[in-house]
Amino acid sequence: MSQKKRIVIIGGVAGGASAAARARRLSEDAEIVMFERGEYISFANCGLPYHIGGAIKERDRLLVQTPRAMKKRFGIDVRTNTEVIAVDRAAREVVARGPDGAETRERYDALILSPGAEPVRLPIPGAQSKRVFTLRSMTDMDAIKKVVDDERPSRALVIGGGYIGLEMAEALIDRGVNVTLVELEKQVFAPIDPEMAAPLHQQLLMQGVDLKLGTSVTSFRDEGGRLTAQLSSGQTVECELAIMSVGVRPEVNLAREAGLKIGARGGIAVDEHMRTSDERIWAVGDAVGVTDFVGGFETLVPLAGPANRQGRIAADNIFDRPSIYRKTQGTAICKVFDLAVAMTGLSEKVLKRRGMSYDKVYIHPANHAGYYPGATQMSLKLLYDPRDGRILGAQAVGAKGVDKRIDVIAVAIRAGMTVLDLQDLELCYAPPYGSAKDPVNYAGFVASNVFKGDAKLCHTEDVIDPPGNKILLDVRTAGEVEAGTIPGAVNIPIDELRSRLGELPRDKEVLVFCQVGLRGYLACRILSQKGYACRNLSGGYKTYTMVTGVAPLVPEPVTRELKSDTGEKSGRMVRKEEVVSAATRHIDARGLQCPGPIMRLRQELDAMQAGEAVTIISSDPGFARDIGGWCHSTGNELAQMKAEDGATLAKIVKGEIQAAPLTPAAERKKKTIVVFSGDFDRAMAAFIIANGAATMGTEVTMFFTFWGLNLLRRPQPVAVSKTFIERMFAWMMPRGADRTKLSKMNMAGLGTAMIKGIMRQKNVQSLPQLIESARQAGVKLVACTMTMDLMGIKRDELLNGVEEGGVATYLDTAEASRVNLFI
Ligand code: FAD
């Protein structure tokens, strides 16, 4: 093709304007005509919500280029308010309709289509109301902003929790508009996995957004300036405006009518040079189908980065520069109030759906050295191929530093790196910016340990109600356990593990967890070297709470100062300012990671009187969730909580119950049961109480003496050396719980058999099952050493996990317990 050619471009924003500018840089001789149906070209669509919200004050800042500047700088003939209505491929002409309605035909040597995507409008009654907006253009933005500026609406409904919905929710809250956000899925920001969205849900609630997941809108009624939206849940929302942000669909009508090939996902089909099925026509941006870089499948990724690069590549190829578009990775980021969420590559749900082989690790590191003020915790999930370690995707959420980590991993994916390579990346570090082991290195270490077989991980799905051949071990401190643990877990803090190994059954796989995974890993190293089969819960209890949504907190909405329509601070507060002035003590726990903030709080409360208040500010994102549960279980009152500069500020009033220092709080919950009887019914009662108490988070010790000791015997005979008398004794006494009898109405075993039958019918756990559940729930089973000696019962005859102890052990535990039972 000669260099003096006529290039026609349809669409004058991201892809179109990039293509036009690049074409000019490549050829001074080319004639370049750019058609734009709207009034503006090259505007910053990505900035639209921020102008509505007031963060970008001057509207003109959004206009990156004007038709006049484009003409002056690049010599491009820009035709705004002109829509191309047809492409005549045979004549190599486009038909354009100008602002006056007149149609003209324009010849082209090369045609670039960059028509973008159109926002989806749900086909529901009332969706065409003037108060239901979509946001794509400057005109859309102006219309929404006018309602917000002029009418000062009290409530808006945002439909869809994608990035436009989330950004609009924040913008409207910033302007003092109450927001209800409905999302059809059970999570916002659909490209990431659901557990990674959990912190976003908490953030939205904390900022006062009325978040309704798993909900859609079924109709609107527009009555004199007010909208009534009917929700699928049966509720209605009264509002003055609604933002419909439920996704976009590629603008392909022109291409389809021109007979160009459309891909399976509905985008214009292009090759790696961005050329369509017509060799004279190229297409770029949101309108085209792309190939996923990691999975190799066709997909649609409507993002500005790809659109800009593709525009450049199309222009290169028009001027015979062999330039290739190397697929799309879907690297994206979104601001959600004080948090950022970002991802690159494939998510777990896509990998699963496509049947691709993957493994995953979670980490929760600080964005920079914890000792440097202002450190905040992020959560990072890394997905890789367990066969060769190739990185498949990553997601991160946190207040700071998320963009940097995801960008580094995005580059690693591009370079075809493996998790082993992540360990070696040399990334910049000084305390205010990072850590000597950057979160990216750290993710590499964890994944490499698993990849090389040095560490075995389990995930939340493995620790929820694990089968009987597994035991859950929580290696966190008692203080952390108070704020919540996984049901059924036994607690042995990591520093006590070496001396308390005997409490763990050897015939079970130990599923270990701590708060974020590090102490769990250390515990696994100890256990595996001592011959235990074990796995560490990836990302620890923190990931567990993200996956299960345990203790979702609906904190008090934040108080914020409104921005005026010009973006200035207005001095008008949106919500009731609740002052934390009653508190005279303040703890700055920023930079401390869990359990640091809670431990600091405990220390402070120990020195306080009941009724006194303390404020604590913590940058640990888990703090907002944990503090409610912790206060509840320790008898203190969480008086207030709000988000402040990416951290959580909480006010705690010391409870009356805590006249004594806090440390014995756990002890007040202890219960001791002396099991003296070996009768079936009494043993049942003892274990039912023990199990019940354990599920309420109480530490239970059962002390077995005399006939009660028989309950702990293994049912099978064990070859141990015994004297004649001991052998006789052993023969006369029941071997194990299943051979015990009713204390009354045994009737030569008939009564016991009948009651066991009724229990089976009514689905009541058998006595051996109750003993097993108690063990799994962390109930301490102690065999009285004196009685063992008296009756000639040897250690090896007892069930796994049973401890031995004398009267001192019992008295010690009993003294620290609130409830002591003798059964
Ligand atoms: P567009 O930029 O939409 O340009 C297409 C243009 O073509 C339109 O102006 C349209 O009027 C015109 N047109 C269509 N048909 C015709 C026709 N027949 N004749 C003449 N003109 C026509 N992406 C990110 O990566 N990060 C972000 O943070 C981000 N935020 C966003 C926020 C908002 C509110 C929106 C709307 C988008 C955001 N995006 C973001 C997406 C990004 O803006 C798009 O991916 C990008 O603009 C696509 O470029 P494009 O050239 O394909 O389409």
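Just so we're aligned, residue 2 is where the sequence shown starts under this note's numbering, counting upward by one.
Beta carbons are placed, not taken as given, at the ideal position from N, Cα and C, and that holds for glycine.
For Ala24 against Ile8, the beta-carbon gap comes to about 5 Å, under 8 Å, which counts as contact.
Following the DSSP letters along the chain, one finds Met344 inside the beta strand (DSSP E) bounded by residues 340-346. DSSP places His587 in the uninterrupted beta strand (DSSP E) bounded by 586-589. Collapsing the DSSP output to three states places Cys429 in coil.
Shown here, Ser619 sits in a strand according to DSSP, grouped into three states.
Remark: the C-beta of Ala305 is in contact range of the ligand FAD, defined as less than 8 Å to any heavy atom. Taken in chain order, the unbroken stretches of alpha helix (DSSP H) that lie wholly in the region 4-77 and span 4 residues or more are 15-27, 49-54, 68-75. Relative to the ligand FAD, the nearest heavy atom lies less than 8 Å away from the CB of Thr83. Looking at the DSSP output, Thr83 shares a beta bridge with no other residue. Contact between the region 308-320 and the region 110-125 is present: 3 or more CB-CB pairs across the two stretches fall below 8 Å. Counting along the chain, Gln231 sits inside the beta strand (DSSP E) bounded by residues 227-232. Ranked by how close their Cα comes to the Cα of Ala128, the residues Ser246, Glu94, Ser234 have Ser246 in first place. Across the structure, Asp646 and Lys781 are spaced so that their CA atoms are roughly 45 Å apart.
Inter-residue distance for Ile674 and Met748 is about 28 Å (C-alpha atoms, whole angstroms).
A straight line joining the alpha-carbon of Trp631 with that of Arg507 spans about 33 Å. Rounded to the nearest angstrom, the Cβ distance from Val253 to Ala288 is 6 Å, consistent with a contact under 8 Å.
In this structure, Asn450 places its C-beta atom within 9 Å of the C-beta atom of Ala456.
Taking the CA atoms as reference points, Lys438 sits about 43 Å from Gly612.
Listed in chain order, the non-local C-beta contacts of Phe36 below 6 Å within the same chain comprise Ile11, Arg80, Thr83, Val85, Ala97, local neighbours out to five positions each way being set aside. Counting only the Cα atoms, Val285 lies some 51 Å from Leu523. By the Cβ-count criterion, Ser500 is exposed, with fewer than 16 other Cβ atoms from all chains shown falling within 10 Å of its own Cβ.
For Phe514, the Cβ stays outside the 8 Å cut-off from all heavy atoms of the ligand FAD. Fewer than three beta-carbon pairs drawn from the region 471-488 and the region 423-442 are found closer than 8 Å, and the two stretches are therefore not classed as touching. Judged by DSSP secondary structure, Phe704 falls within the beta strand (DSSP E) whose first and last residues are 701-705.
Close CB contacts of Val149 within its chain, under the 6 Å cut and outside five residues either way in sequence, are with Arg176 (chain order). Taking C-beta atoms as the reference points, Cys785 and Val765 fail to come closer than 9 Å. From the listed residues Asn537, Ile495, Thr546, the smallest Cα separation to Gly485 is found for Thr546. Three or more beta-carbon pairs separated by less than 8 Å link the region 160-176 to the region 325-341, which places the two stretches in contact. With a cut-off of 8 Å, the C-beta of Ala170 is classified as distant from the ligand FAD, since no heavy atom of the ligand falls inside that distance. Cβ-Cβ distances below 6 Å link Pro100 to Asn82 in the same chain, with the five nearest sequence neighbours on each side left out; the list follows chain order.
Taking a C-beta distance under 9 Å as the contact criterion, Ile269 and Gly290 qualify as a contact pair. Per DSSP, Gln604 is one residue of the alpha helix (DSSP H) stretching across 597-607. In the structure shown, Glu638 adopts extended strand secondary structure according to DSSP, grouped into three states.
According to DSSP, residue pairing for Phe221 in a beta bridge involves Ala230. Taking all protein chains in view, the Cβ of His587 is surrounded by fewer than 16 other Cβ atoms within 10 Å, so the residue is classified as exposed.
Taking Tyr51 as reference, the option from Ser138, Glu152, Ala172 with the minimal CA-CA separation is Ala172.
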